[in-house]
Each structure stands twice: as structure tokens, then as C-alpha cells.
Amino acid sequence: MEEIYLNKRLNNEEILKTISEIFTELQVFHYDFTENSPEKLNIDNLAHIFFNTDDGFGSREFNFRISIYRTPKVHEKERELYLAKIFSEQYRIKTLVPFSNPDDPGDPFYDIVFDGGKIYLADDSKVDDSTGGDVEILHEYHLEMFDFDKKAEIIKFQTT
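The opening position of the sequence shown corresponds to residue 13 in my numbering, with each subsequent residue numbered one higher.
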């Protein structure tokens with residue numbers, strides 16, 4: 013499962029279109045778990061994936077979350093970053109993904125923020141579900157990114 017936080021709300025059609033254009037060999041559905049599943053969604057078909065949306069994690073800025081289900085189980089974190097970068101660039105918005113900083117792996121408050129074609133390391137330690145604190149941008153960050161094929165499988169390394 014991949015989770016991406018956005019600073020702007022997108023509608024389900026925009027999200028469906030974007031994911032479908034990225035992973036063209038998968039069939040994408042919106043399913044929010046409040047109703048019956050989409051009629052054509054076949055849980056036994058590995059080419060069927062779905063997403064839902066809800067409020068973010070307490071940040072005032074990144075208050076919209078997209079969760080994507082049933083993608084391949086390997087390289088989920090890399091795929092999450094890949095998708096966040098695409099959503100940021102396509103809609104000219106900021107996106108956030110929780111991140112484990114290799115220089116400080118015990119600190120759970122790091123994030124990667126994509127904004128304006130740049131990648132930043134951020135700190136969400138001031139974010140609280142009840143007060144809605146802010147994510148602090150720490151500095152621009154070099155991140156090794158991966159590309160994915162039309163079936164959401166990892167294919168190659170790219171440097172940003």
C-alpha cells in the first residue's frame with residue numbers, strides 16, 4: 013500500500029486518471045470502503061488496484077491523503093516516492109511521504125516533500141492530530157529515485 017499526502021484536494025476522477033496513465037496495464041478503481049466494492053473490481057485479478065482518499069495526518073498543510081491498495085508488495089516505499097513526485101509535478105502541488113532518514117533511522121518524524129520540481133527533507137514532529145501543526149522544511153535533499161513500469165513493478169534507478 014502507498015500513502016501520499018497532498019496540500020490540495022484532488023477529485024477522484026483526477027486521481028483515477030493519473031494512476032491509470034502511470035500504470036497503464038493495471039485497472040484502477042476508486043473504493044472508499046463505505047459502499048459495496050466497484051462492480052468490476054475483481055480481488056482475484058492482480059491487475060486490479062484501487063485507491064481511496066481521506067483527511068491527512070494532522071498537518072494543516074498536508075491535509076489530504078491518497079491511499080493506493082493492491083500494488084506489488086515489494087518496493088512500496090520507492091513506489092510511494094515515485095507517485096508523490098508525479099502528483100506534485102502534474103498538479104503543481106506539494107506532496108509529502110513519510111521517510112526513514114538513513115542518517116537518523118531512529119527518528120520517526122522525517123518526511124520527503126516534493127515541491128516545484130525539488131525534493132526536500134522535512135520534519136513533522138510539530139504535527140499533532142488535535143492541533144494541526146506545521147511540517148518544517150529542513151533543506152533540499154538528494155534522493156535516489158526509481159522508475160516503475162506499466163504494471164507498477166520497479167525497473168530502474170534514476171538520480172535526482
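Ideal Cβ placement from N, Cα and C applies to all residues, glycine included.
- The residue from S79, I55 and L58 with its alpha-carbon nearest to that of D66 is S79.
- Partner residues in the beta bridge of K168, as assigned by DSSP, are D159.
- K106 is positioned such that its CB atom lies no closer than 9 Å to that of F158.
- Around the beta carbon of F45, fewer than 16 other beta carbons lie within 10 angstroms, which makes this residue exposed.
- The Cβ atoms of E15 and R77 lie closer than 9 Å to each other.
- With a cut-off of 8 Å on Cβ pairs, the segment 99–118 is not in contact with the segment 45–63, counting fewer than three such pairs.
- Burial is judged here by how many other beta carbons sit within 10 angstroms of a residue's own beta carbon; V125 has at least 16 and is buried.
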